[in-house]
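Okay, structure first, notes after.
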Amino acid sequence: MLYCSEITVDGFSLINNKYKFFINNLFDIDNDVVGTDLRDSGQSYDHTHMKPKTPLLMGSVTSESITDFLTLRSVLLRQGLKKFVVNLAGIGEVYFMAEIVNWSHDDLDSYVSCQLSMPDPHLYMLSPSSVQLGSISGNSLTFPFVFPIVFGAINGGQGIVTNVGNCTSFPLITITGTCSSLTITNTTTNESIYIDVELLEDDVLVIDNRPTSRGVFLNGVPHMELKTGLWISCAVGDNNFTFQRSSVQDKRHCTVELQSSFI
-16 MLYCSEITVD
-6 GFSLINNKYK
4 FFINNLFDID
14 NDVVGTDLRD
24 SGQSYDHTHM
34 KPKTPLLMGS
44 VTSESITDFL
54 TLRSVLLRQG
64 LKKFVVNLAG
74 IGEVYFMAEI
84 VNWSHDDLDS
94 YVSCQLSMPD
104 PHLYMLSPSS
114 VQLGSISGNS
124 LTFPFVFPIV
134 FGAINGGQGI
144 VTNVGNCTSF
154 PLITITGTCS
164 SLTITNTTTN
174 ESIYIDVELL
184 EDDVLVIDNR
194 PTSRGVFLNG
204 VPHMELKTGL
214 WISCAVGDNN
224 FTFQRSSVQD
234 KRHCTVELQS
244 SFI
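Read the sequence shown against the working numbering and you will find it ends at 246, with the numbers running on by one and no gaps.
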């Protein structure tokens, strides 16, 4: 039994003294399966495509107030994807984006049933986990000077990000200056990205590995040409990240942030 202690839609609560709602079929999956087909198209396929999830939002307006009923309609029937935040027992707070594709209600008992459509079928942890990478000491030139001075590049550190979900997730990586010759590696998945750029003190580089917003951004401007290597993913469980860069600063330049996901 899937128990929800909290449901909000764009910040509007659906479990309180006015509304009592729950979500059904949140983990149901419907796939399109494409096998090998050389006869009709001359091409070979062997993959599955996950269709949008279609959970049900059901409940009632317990206050039996027409004003509360109309307020609920105005929230749920606004056009566009809505952010649902659900507190699931045993998991915690997760969110997903969905649209209402069907609404029905019973005038006699204020019961409401809504069909949702989730183009992205994943649930994401509301609070991401993160780790900061970069040397805070090392056998290299740092400020303030410590004699004897040894010239050389500072090698970045390593750290672990844990994917507590049940499927592959994709990290958001943020790097601040001053540093250059950047390499970020997930040694667990053997995926690595090299960025050929020199970041100044106020520069911020974002490497967004998430499929829905993927890209490389320098101070908010897309710069895909800076990237060499694979996009980085995070397997279920612990993922060991390493970060290397050249810098004369004693600073943790790199932050890896991960929102674990469930399917």
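Virtual Cβ for every residue (Gly too), placed ideally from N, Cα, C.
Residue i in three-state terms, based on DSSP
| i | result |
| --- | --- |
| E47 | coil |
| T170 | coil |
| K36 | strand |
| E(-11) | strand |
| T161 | coil |
| N14 | strand |
| I6 | strand |
| I156 | strand |
| S112 | strand |
| T145 | strand |
| S(-4) | strand |
| E184 | coil |
Presumed contact (8 Å Cβ cut-off) between residue i and residue j, rounded CB distance
| i | j | result |
| --- | --- | --- |
| L106 | V77 | 4 Å |
| F224 | L116 | 6 Å |
| G42 | F4 | 3 Å |
| T195 | D90 | The Cβ separation is near 39 Å, so there is no contact. |
| E82 | S100 | 5 Å |
CA-to-CA distance, residue j to residue i, given in whole angstroms
| i | j | result |
| --- | --- | --- |
| T151 | S48 | 44 Å |
| I74 | D185 | 38 Å |
| W86 | R56 | 9 Å |
| H206 | N169 | 22 Å |
| F52 | C162 | 56 Å |
| H32 | V204 | 32 Å |
| L165 | V(-8) | 40 Å |
| S112 | D92 | 43 Å |
| F67 | Y177 | 36 Å |
| T238 | L(-3) | 35 Å |
| V147 | A218 | 9 Å |
| I236 | Y2 | The residue you asked about is not Ile; residue 236 is His in the sequence shown. Looking at the two C-alpha atoms, the distance is approximately 46 Å. |
| S229 | T145 | 27 Å |
C-beta neighbour in chain B for residue i, strict 8 Å
| i | result |
| --- | --- |
| D103 | In the structure shown, chain B cannot be found, because there is only a single protein chain. |
| Could you give the uninterrupted runs of the alpha helix (DSSP H) lying entirely in the segment 52 to 101, keeping only those of 4 residues or more? | Correct list: empty.
Discussion item. List, from N- to C-terminal side, the alpha helix (DSSP H) runs of 4 residues or more that fit wholly inside the segment 188 to 244.
Written reply: Counting only runs of 4 or more, we get nothing.
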